[in-house]
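Right, one structure below, let's go through it.
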Ligand SMILES: *Cc1c(COP(=O)(O)O)cnc(C)c1O
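Residue numbers (the working numbering): 118 to 352.
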């Protein structure tokens, strides 16, 4: 079992260094500690080390875990969103990272209205057009953007991507660049601010920060190896 406090401080230092290389303010990057598959106890250790922002990818796993933990933590839902789970996800999570269709966004908007909430979301873009991955195509976002911006409750923060897994983080760089460029294009084309980019995981978060990530989702480098897979695409 790794020492979570040590791992966290090392990740924070690496984020700082990446910000330095890119001439970015450290406060412009949010570290989301991805606690999926790990028990509430591991989250408590991270909280003791000063971490307050966490990510989970399954509502069924997260709900009992969150119930054991103190209030005041900030939870991000980073997994695929099943329609029938939206009503349970919205009250628990401040941000939903993987919105990938107008239909889903409208459903979230409707449920948020019923619950009196104003959820923040990322649009997930399948930036490398991989068969196995969820997410909008770039073209799909362009087509839906106007309608998405018209939703009353849902606030779109920006784009989220999960590029192809590679051994060498440098090889993820072009996908991060492409995601940022798509964001810039959408901002210009639709005259809207999309300030956030959710990109970068344990293997490539430094490169993601260098390319403009505002939210990095880091799990195994903080909590250790996961002993089981959570969904079809990510372990
Ligand atoms: C599990 C997961 C992560 C964290 O992955 P690590 O490689 O363990 O850092 C990040 N993003 C998403 C969407 C995930 O499902």
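Glycine included, C-beta positions come from ideal geometry on N, C-alpha and C.
Remember, predicted model here, so these are calculated numbers, not experimental data.
When the Cα atoms are used, residue 290 and residue 184 turn out to be separated by approximately 38 Å. Contact check for residue 335 against residue 216 fails: the beta carbons are separated by 8 Å or more. Of all alpha-carbon atoms in 189, 275, 245, 193, the one lying nearest the alpha-carbon of residue 176 is that of 193. In this structure, residue 129 has its CB at a distance of at least 7 Å from all heavy atoms of ligand 1. In the three-state reduction of the DSSP assignment, residue 293 falls in the helix class.
Leaving aside the five residues that flank residue 269 on each side, the residues in its chain whose CB is nearer than 8 Å to its CB run, in chain order, 226, 230.
Counting other Cβ atoms within 10 Å of its Cβ, residue 200 stays below 16 and is therefore classed as exposed.
For residue 241, the uninterrupted beta strand (DSSP E) run begins and ends at 237 to 241, by DSSP. Each of 341, 255, 167 was checked against the Cα of residue 126, and the nearest Cα belongs to 167.
Of the candidates 239, 307, 205, 147, the residue whose Cα lies closest to the Cα of residue 191 is 147. In chain order, 204, 207, 208 place their CB closer than 8 Å to the CB of residue 232, counting only its own chain and leaving out the 5 sequence neighbours on each side. Runs of beta strand (DSSP E) with 3 or more residues, each lying fully within the segment 122 to 202, are found at 147 to 151, 170 to 173, 191 to 194, listed in chain order. Distance between residue 344 and residue 121, taken at the CA atoms: about 17 Å. In the assembly as shown, residue 246 is an exposed residue. Its beta-carbon has fewer than 16 other beta-carbons within 10 Å.
Here residue 240 really is in contact with residue 276; their C-beta atoms are around 6 Å apart, less than 8 Å. Secondary structure at residue 228: helix, using DSSP grouped into helix, strand and coil. The alpha-carbon separation between residue 138 and residue 124 amounts to approximately 21 Å.
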